[in-house]
Every structure is written in C-alpha cells, then in structure tokens.
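Take the sequence shown: its position 183, counted from the start at 1, is 222 in the working numbering, and no numbers get skipped.
One structure is given here, and the rest of the page talks about it.
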Amino acid sequence: MKILILTVAGLSTRFSESIGEPCLKCIFYRNSIKESLLYRMLHQKEAFDKYVIVGGYMFEQLKTTLENDFTEIQDKIILIKNDRYSDFGSGYSLFLGLQAVMDLDFQEIVFAEGDLYVDSDSFQEVCHAVNNVITYNREPILANKAVAFYYDSEYRIHYIYDTQHSALRIQEPFIGIFNSGQIWKFVQRDRIRDIVETLTEAEYKKTNLVVIQKYFGSLDREQYDMVELKEWINCNTIIDFDKIPL
C-alpha cells in the first residue's frame, strides 16, 4: 500500500494578507479548482492507495471542496481535523496523519507539505524510488521562507528552520547545505511506527521537522536517496502562486 500524507492545517497568514481576505491557500484558484495546489498534488501521475489530508483552518470549506470536487478519488481520501492548528506547530498535523495509518499495511509513505507546487517528473522520481527519500531544490536559502538541511562533519543530516523567519543558525562545522524540497518518503515501516509510538506531546507540538529529524538524522547515506525537485514553488503569497505554470 502506498500512502500520500498532505498537511494543510495552517493559518495561511501571509497568503491571506497577500490577497486581502482570509483564504485556505491549498484550495485557492482563480478560474478552476484544477489550478489549486491541492488538486495538482492529488492528481499527480502517480496514484496512491490512500490520500491522508490533515486540515484545520477553514476545515469545513476544505471538507466541502473535497466532497464536491474530488469525487473520483473520494473513496481513497482520509480527512483528519487538527483542532490545535492555531497553537501547536506543524508537527502535530504530521503526527495525526501518521497516527491515522499506523494500522494499515503500508509499504511506503510520501509526506508533502500542502503549500507546494512541484513538477510531475520530479514527484514521480520520489514515488518510484525504492529507498527512503529526502528532496531539495535550487532556490536560494533564505531564512524568511526556507527549510534547510546540512551535513555535519560525519555526514549526518540536520534540518534547520526559523519559525520567526528571521535567521538560520548552524552551531557546528558542516560539509554542505541544501534548501529542502519539503517532500519526504518513508519506506521503513518499523522505524516510522516506533517514532509515532514514542513521540511526546512536547515533541509533536513543535514543527514537523522533529519527526523528520528523528527518522533521517541517524540514517547512513546509502539508506536514502536525494531527489532534486526541478520545478518547485513554495506558495507563501499570491505572487508565488502566480508563478505556477498553467
């Protein structure tokens, strides 16, 4: 079983400010729902057995949109409500999504943040990999919007992000630094199950990078593939959204 987890619970503050009204950016479009980030991600060429969508902000609007505009995959969708979207970090959405599939007989889980556009060829490369996957893009690493990761002197991976969008800090020597594509693939079922079962509230109320770091931080380099996302847009504002190819 192949599972896709999308987290779309956040407040979309910067996006809403950029269009002048409250908005759930994953379902925003100008002319057709097919332009929305959610539609594009759920209609990638790669099919999944289950689509787990974790919502929160404007949840009823998300639910109605899924019921009305995604009928062809309705039987594959698992919709989860994150009631703590405004006071917990993004880690809680990922925790809820993972928790929902722990009893399923899955072979792999792809996790993507819900405010991304990525080209189909790159996404397929992630899905077709038999190994765990971390992704990166070629955008500049800027503290006001980037999730970054670096290799320490022993080639262990570390993720860094500033929730205040102010500055990124690395406190040790490092070999290389990358801009994360914010899409990951987990293929070690026991490993991800152990993480979900032992995650504390203090951990899952932080960002989703806590889970990501726990999973990938101690893996050897040959235990995961690095996939470059050739066309990648993180839609923080309407200006970003309008860069998406039609």
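Just so you know, even glycine gets a beta-carbon here, dropped at the ideal spot from N, CA and C.
Between the CA atoms of residue j and residue i - distance to the nearest angstrom
{"i": "Leu81", "j": "His167", "result": "16 Å"}
{"i": "Asp88", "j": "Pro212", "result": "42 Å"}
{"i": "Lys102", "j": "Asn170", "result": "33 Å"}
{"i": "Leu258", "j": "Asp264", "result": "11 Å"}
{"i": "Gln252", "j": "Ile72", "result": "34 Å"}
{"i": "Ile210", "j": "Cys274", "result": "Looking at the sequence itself, residue 210 is Gln, so the reference to Ile does not match. The straight-line gap from Cα to Cα measures roughly 29 Å."}
{"i": "Asn70", "j": "Val157", "result": "20 Å"}
{"i": "Arg230", "j": "Leu207", "result": "29 Å"}
{"i": "Arg53", "j": "Ile44", "result": "23 Å"}
{"i": "Arg79", "j": "Glu147", "result": "21 Å"}
{"i": "Leu50", "j": "Asp126", "result": "10 Å"}
{"i": "Arg228", "j": "Glu240", "result": "22 Å"}
{"i": "Asp108", "j": "Leu77", "result": "11 Å"}
{"i": "Ala151", "j": "Asp279", "result": "18 Å"}
Contact set for residue i: own chain, Cβ-Cβ below 8 Å, skip 5 residues either direction
{"i": "His204", "result": "Ala182, Asn183 and Lys184"}
{"i": "Glu286", "result": "Here the chain has residues from 40 to 285 only, and residue 286 is not among them."}
{"i": "Leu285", "result": "Glu74"}
{"i": "Val249", "result": "Gly130, Leu238, Glu242 and Tyr243"}
{"i": "Ser55", "result": "Pro61, Cys62 and Lys64"}
{"i": "Tyr189", "result": "Ile196, His197, Ile199, Ile209, Phe213, Ile214, Gly215, Ile216 and Phe217"}
Own chain, CB closer than 7 Å to residue i, minus 5 neighbours either side, in chain order
{"i": "Ala48", "result": "Val93, Gly94, Gly95, Tyr96, Asn121, Tyr124 and Ser132"}
{"i": "Asn218", "result": "Tyr175, Asn176, Glu178, Ile180, Ala185 and Ala187"}
{"i": "Val172", "result": "Val165, Trp223, Lys224, Tyr263, Asp264 and Val266"}
{"i": "Arg260", "result": "Tyr194"}
{"i": "Met141", "result": "Arg232 and Val235"}
Beta carbon of residue i nearer than 8 Å to that of residue j
{"i": "Gly153", "j": "Cys65", "result": "yes"}
{"i": "Gly136", "j": "Ile119", "result": "yes"}
{"i": "Val235", "j": "Phe134", "result": "yes"}
{"i": "Leu155", "j": "Gln221", "result": "yes"}
{"i": "Ser161", "j": "Glu270", "result": "yes"}
{"i": "Ala139", "j": "Ile116", "result": "no"}
{"i": "Gly128", "j": "Thr46", "result": "no"}
Minimum C-alpha distance to residue i - residue among the options
{"i": "Met40", "options": "Val91, Gln83 and Ser57", "result": "Val91"}
{"i": "Glu164", "options": "Gln210, Leu143 and Gln83", "result": "Gln83"}
{"i": "Ala86", "options": "Val149, Ile214, Leu155 and Gln210", "result": "Val149"}
{"i": "Ile283", "options": "Asp229, Tyr68, Val140 and Leu43", "result": "Tyr68"}
{"i": "Ile42", "options": "Phe145, Asp233 and Asp201", "result": "Phe145"}
{"i": "Tyr254", "options": "Asp201, Asp279 and Asp233", "result": "Asp233"}
Close beta carbons around residue i, own chain, < 6 Å, minus the five adjacent residues each side
{"i": "Ile277", "result": "Ser57 and Ile58"}
{"i": "Thr104", "result": "Ile66"}
Cβ neighbour criterion (16 or more within 10 Å) applied to residue i
{"i": "Glu267", "result": "exposed"}
{"i": "Ile214", "result": "exposed"}
{"i": "Tyr194", "result": "exposed"}
{"i": "Ser159", "result": "exposed"}
{"i": "Thr110", "result": "exposed"}
{"i": "Glu106", "result": "exposed"}
CB contact check: residue i to chain C, cutoff 8 Å
{"i": "Leu181", "result": "The structure shown contains no chain C, having only a single protein chain."}
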